[in-house]
Amino acid sequence: MKFRSVAALVAAFTAAPAFAHVTLETQSAPVGSTYKAVARVPHGCKGAATIKVRVQIPEGVIAIKPMPKAGWTLETVKGKYEKSYDYYGTPTSEGVREVVWSGGKLLDEHYDEFVFRGYLTTDLKPDTTLYVPIVQECEGGGVERWIEIPAAGKVSDDYKFPAPGVKLTPKK
4 MKFRSVAALV
14 AAFTAAPAFA
24 HVTLETQSAP
34 VGSTYKAVAR
44 VPHGCKGAAT
54 IKVRVQIPEG
64 VIAIKPMPKA
74 GWTLETVKGK
84 YEKSYDYYGT
94 PTSEGVREVV
104 WSGGKLLDEH
114 YDEFVFRGYL
124 TTDLKPDTTL
134 YVPIVQECEG
144 GGVERWIEIP
154 AAGKVSDDYK
164 FPAPGVKLTP
174 KK
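Residue numbers (the working numbering): 4 to 175.
The following block contains the structure:
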């Protein structure tokens, strides 16, 4: 019986290539709310350790606050938004556009999470998927660009390096 359980677990992991992709832990969130994004990095680049993770913040996501990680340097890149957004009564037209963790070392055989939170503005459209492009840089110059956003009629599984996404739901 124990062998069957182990075999079933192995089959489940090998049959699901999405486990090899960078993903977001929370798969859905309402617009007009604060969202805690947990980017899960399951491996390095072809055996090499990850040394930098860059997260591009999509338009319509504001008030970004990244979580520091022990052993990593945290940097934010600020810029203007395409438009001004209302953030609890305050017009907001610029903020964090990219979050970068660097200087650490995530071995290929290990897993880690990179966390930030932000506000999903009501300008975002419910019943759509918001994609969060992530670039993973590794020792030796290897790069995995999790930036492919599905075209109309396609899904993330149609791509080799899909951007992780969160399904937007109506405001509560």
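C-beta: ideal position from N, C-alpha, C; glycine also.
Being a predicted model, the structure only gives us computed values, none of them experimental.
- Listed as beta-bridge partners of D89 by DSSP are P94.
- Separation of V58 and G92 (C-alpha to C-alpha, rounded to the nearest whole angstrom) is 27 Å.
- Take the alpha-carbon of Y122 and the one of A66: they are about 6 Å apart.
- With contacts defined by Cβ atoms closer than 9 Å, T29 and D115 do not form a contacting pair.
- A residue is called buried once 16 or more other Cβ atoms fall within 10 Å of its Cβ, and G63 is buried on that count.
- A distance below 8 Å between beta-carbons, with the five flanking residues on each side excluded, links K128 to the following residues of its chain, in chain order: V34 and L171.
- Rounded to whole angstroms, the gap between the alpha carbons of A32 and V41 is 13 Å.
- Under a 10 Å Cβ-count criterion, G82 is classified as exposed, with fewer than 16 other Cβ atoms of the shown protein chains found around its own Cβ.
- Looking at the backbone, the Cα of P45 and that of V99 are separated by about 25 Å.
- E147 counts as buried, since at least 16 other C-beta atoms from the protein chains shown sit within 10 angstroms of its C-beta.
- Shown here, D115 sits in a strand according to DSSP, grouped into three states.
- Taken in chain order, no unbroken stretch of alpha helix (DSSP H) lies wholly in the region 144-171 with a span of 4 residues or more.
- Sixteen is the threshold: since fewer than 16 other Cβ atoms of the shown chains lie within 10 Å of the Cβ of Y90, the residue is exposed.
- Note on geometry: alpha-carbon atoms of K49 and V138 lie some 14 Å from one another.
- Annotated as distal: K72 and D126, with beta-carbon spacing of 9 Å or more.
- Residue nearest to V118 within the set W75, P165 and A23 is W75 (criterion: CA-CA distance).
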